[in-house]
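Data block below; observations after.
Numbering (this note's numbering), first residue to last: 2 to 71.
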């Protein structure tokens, strides 16, 4: 596993390790549901690459969930 780092996720400072997929699994369950978009340091991360994007100290992660409304 990768070393622990401090990141910001949706404005909340937290300690994380591993990849974007690991972070989402820890916060949202396994597997993360559809309708989720992720950006790391302002760059959108395609869902297919989540397991390969390693989080590093200082990363800013935004997780957005689509909701249906009328």
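Glycine included, every Cβ here is placed at the ideal spot set by N, Cα and C.
Owing to the predicted nature of the structure, the values given are computational and were not obtained by experimental measurement.
Secondary structure of residue i, DSSP reduced to three states
i, result
"residue 62", "strand"
"residue 29", "helix"
"residue 24", "helix"
"residue 5", "coil"
Residues near residue i in its chain [Cβ-Cβ closer than 8 Å; skip 5 each side]
i, result
"residue 45", "38, 39"
"residue 25", "33, 37, 39, 51, 64"
Buried versus exposed call for residue i [16 or more other C-beta atoms within 10 Å across all chains shown]
i, result
"residue 33", "buried"
"residue 29", "exposed"
"residue 61", "exposed"
"residue 1", "Any answer about residue 1 is impossible in this case: the structure gives the chain only from 2 up to 71."
"residue 68", "exposed"
"residue 27", "exposed"
Cut-off 7 Å between Cβ atoms - residues of its own chain near residue i, not counting five sequence neighbours on either side
i, result
"residue 66", "36, 37"
"residue 11", "63, 64"
"residue 42", "60, 61"
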